[in-house]
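**Student:** In this note's numbering, the protein residues as written are 42 to 357. A single structure is presented below for examination.
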Ligand code: CP
């Protein structure tokens, strides 16, 4: 069967993807997840290729899972941290850094940057596939894809689900990518948090908004909790973390409004006792570590699809 889905060169945003392109990532991610769970961990799809990851911000999950994904596909993985160990500390620009890395002939560039829009600046200036691993408070497309795979595994579909995202919506790239994806897939999305962290323009993305967390949790199939992104706030936007936890955190009192089969998600890193209690984070509704597991499978799918490999022909 020939490819009927528009081939992608880069993965920069979920906003730019069609529903079919999202479904292709999910289908291949699920294929890799099932294979890994049944004991296959090596897929010689990217043998002889090199993935370079250039990170201007800290990361545990995204960095680790891209490295494991690349290696499980047979690629070499080179990690560059834009701190004192690279020439970024001597004033080298993002474009010069990317062009110099590209001159070393890698096959992919994975970029995390604190500036919203940083990957777009490189799109027409580098020739190799570019993957956005999170840019400022703009988008984190691979996080939304792994979240979608996690939801799909639990419910079989995303269409028609009530999905609530709670926390620092204003500064969250995870929220933005998830809203785009979940709306494209037919979910009903509600965002919640203190008014200072709920941007008024979010409703133009087709989501409902409430500052009442009990209302936000009641009837939700999926509750996605977010960390407060203090590093992206110019001024104090909550009076204290203890008050935040009391009024907007997911603790046993607020979680008591969940349905029996509701799931609780969090992209990590967790701030236990700020946005979520340890009991709820580790409790029966939590799928937080499933999200991390799915991160490897989804990033394998992203690297495979961007490489142009005809997986539908070879894996059928
Ligand atoms: N979810 C996420 O992006 O986590 P890291 O910052 O650890 O990569």
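Using N, Cα and C, we set each Cβ at its ideal position, and we do this for glycine too. Please read all numbers here as calculations on a predicted model, not as lab measurements.
Which of the three DSSP states is assigned to residue 44 in this structure?
**Tutor:** For the purposes of this step, residue 44 is taken as residue 3 along the chain shown, with counting starting at 1. Bear in mind that the predicted position of residue 44 carries a pLDDT of just 49, short of 50, making it unreliable; the figure below should be weighed with that in mind. Reduced to three states, the DSSP call for residue 44 is coil.
**Student:** Measure from the C-beta of residue 152 to each C-beta in chain C and report whether the shortest distance is under 8 angstroms.
**Tutor:** Of the protein chains in the structure, only one exists, and it is not chain C.
**Student:** Using 10 angstroms around the beta-carbon of residue 57, count the other beta-carbons present and answer buried if the total reaches 16, otherwise exposed.
**Tutor:** The count along the chain shown starts at 1 and reaches residue 57 at position 16. It is exposed - the Cβ of residue 57 has fewer than 16 other Cβ atoms within 10 Å.
**Student:** Compute the distance between the beta-carbons of residue 85 and residue 115, then report whether it is under 8 angstroms.
**Tutor:** Here residue 85 refers to the residue found at position 44 when the chain shown is read from its first residue. Here residue 115 refers to the residue found at position 74 when the chain shown is read from its first residue. It is a contact, given that the beta carbons lie within the stated cut-off.
**Student:** Measuring only the C-alpha atoms, how far is residue 42 from residue 105?
**Tutor:** If you number the chain shown from 1, residue 42 lands on position 1. If you number the chain shown from 1, residue 105 lands on position 64. Unreliable positioning characterises residue 42 in this predicted model, as indicated by a pLDDT of 39, which lies under 50. A coordinate reading is not provided.
**Student:** CB residue 218 to CB residue 232, shorter than 8 angstroms?
**Tutor:** Walking along the chain shown from the start, residue 218 turns up at place 177. Walking along the chain shown from the start, residue 232 turns up at place 191. Cβ atoms of residue 218 and residue 232: not closer than 8 angstroms.
**Student:** Looking at the structure shown, is residue 125 part of a helix, part of a strand, or coil, going by DSSP?
**Tutor:** Here residue 125 refers to the residue found at position 84 of the chain shown. The answer is coil: DSSP assigns residue 125 none of H, G, I, E or B.
**Student:** Among residues of its own chain, excluding the 5 on either side of residue 119, which ones have a beta-carbon nearer than 8 angstroms to its beta-carbon?
**Tutor:** Indexing the chain shown from 1 puts residue 119 at position 78. Within the same chain, residue 119 has close Cβ partners 91, 92, 93, 94 and 147.
**Student:** Using the three-state DSSP reduction, which class does residue 55 fall into: helix, strand or coil?
**Tutor:** Here residue 55 corresponds to residue number 14 of the chain shown, with the count starting at 1. In this structure, residue 55 counts as coil in the three-state DSSP scheme.
**Student:** Is it true that the CB of residue 279 sits closer than 8 angstroms to the CB of residue 269?
**Tutor:** Sequence index remark: in the chain shown, residue 269 carries index 228 (1-based). Sequence index remark: in the chain shown, residue 279 carries index 238 (1-based). Cβ distance < 8 angstroms, so residue 269 and residue 279 count as in contact.
**Student:** Would you mind listing the beta strand (DSSP E) stretches within the region 71 to 149 that are 3+ residues and don't spill past its ends, in chain order?
**Tutor:** Segments of the beta strand (DSSP E) lying fully in the region 71 to 149: 91 to 96 and 117 to 122.
**Student:** Going by the CB atoms, is the gap between residue 195 and residue 53 shorter than 8 angstroms?
**Tutor:** On the chain shown, position 12 is the one that residue 53 refers to. On the chain shown, position 154 is the one that residue 195 refers to. No, they are not a contact pair.
**Student:** Three or more C-beta pairs under 8 angstroms: does that hold for the region 70 to 78 against the region 288 to 305?
**Tutor:** With the cut-off at 8 angstroms, the region 70 to 78 and the region 288 to 305 do not touch.
**Student:** Using the Cα positions of residue 309 and residue 157, report the straight-line distance between them to the nearest angstrom.
**Tutor:** Here residue 309 corresponds to residue number 268 of the chain shown, with the count starting at 1. Here residue 157 corresponds to residue number 116 of the chain shown, with the count starting at 1. Looking at the two C-alpha atoms, the distance is approximately 20 angstroms.
**Student:** Would you report the Cα separation of residue 80 and residue 123, rounded to the nearest angstrom?
**Tutor:** Position 39 of the chain shown, counted from the first residue, corresponds to residue 80. Position 82 of the chain shown, counted from the first residue, corresponds to residue 123. Using only the alpha carbons, I get a separation of about 36 angstroms.
**Student:** Check whether the region 228 to 244 touches the region 165 to 184, counting contact only when three or more Cβ pairs, one atom from each stretch, lie closer than 8 angstroms.
**Tutor:** As far as the Cβ criterion goes, the region 228 to 244 does not touch the region 165 to 184, which means the pair count is below three.
**Student:** Taking residue 304 as part of the beta strand (DSSP E), name the residues at either end of that continuous run.
**Tutor:** One-based indexing of the chain shown puts residue 304 at position 263. Taken as a continuous stretch (DSSP letters only), the beta strand (DSSP E) holding residue 304 covers 304 to 306.
**Student:** Mind checking who residue 229 pairs with in its DSSP beta bridge?
**Tutor:** Here residue 229 corresponds to residue number 188 of the chain shown, with the count starting at 1. Bridge partners of residue 229: 203.
**Student:** Just the C-alpha distance for residue 286 and residue 198, rounded to the nearest angstrom, thanks.
**Tutor:** By one-based count along the chain shown, residue 286 stands at place 245. By one-based count along the chain shown, residue 198 stands at place 157. So the alpha carbons of these two residues sit roughly 31 angstroms apart.
**Student:** Can you pull every residue whose C-beta falls closer than 5 angstroms to some heavy atom of ligand 1, listed in chain order?
**Tutor:** Residues flagged by the Cβ proximity filter: 100, 101, 102, 103, 308 and 309.
**Student:** Return the first residue and the last residue of the beta strand (DSSP E) that residue 252 is part of.
**Tutor:** For the purposes of this step, residue 252 is taken as the residue at position 211 of the chain shown. Unbroken run through residue 252: none, as it is neither H nor E.
**Student:** Given this structure, state the Cα-to-Cα distance separating residue 151 from residue 321, to the nearest angstrom.
**Tutor:** Counted from its first residue, the chain shown places residue 151 at position 110. Counted from its first residue, the chain shown places residue 321 at position 280. Those two C-alpha atoms are separated by around 33 angstroms.
**Student:** Assuming residue 290 is part of the alpha helix (DSSP H), what are its boundary residues?
**Tutor:** The residue given as residue 290 occupies position 249 in the chain shown. Segment: none, residue 290 is in no alpha helix (DSSP H) and carries neither H nor E.
**Student:** Of the residues 267, 190, 356 and 200, which one's Cα is nearest the Cα of residue 214?
**Tutor:** Taking the chain shown and counting its residues from 1, one reaches residue 214 at position 173. Of 267, 190, 356 and 200, the residue nearest in Cα terms is 267.
**Student:** According to DSSP, simplified to helix, strand and coil, what is residue 171?
**Tutor:** Locating residue 171 in the chain shown gives position 130, where the first residue counts as 1. Residue state, collapsed to three classes: strand.
**Student:** In angstroms with no decimal places, state the Cα-to-Cα distance between residue 193 and residue 131.
**Tutor:** By 1-based counting over the chain shown, the position of residue 193 is 152. By 1-based counting over the chain shown, the position of residue 131 is 90. Rounded to whole angstroms, residue 193 to residue 131 spans 45 angstroms at the Cα level.
**Student:** List the DSSP bridge partners of residue 153.
**Tutor:** For the purposes of this step, residue 153 is taken as residue 112 along the chain shown, with counting starting at 1. Note: residue 153 sits in a beta bridge opposite 96.
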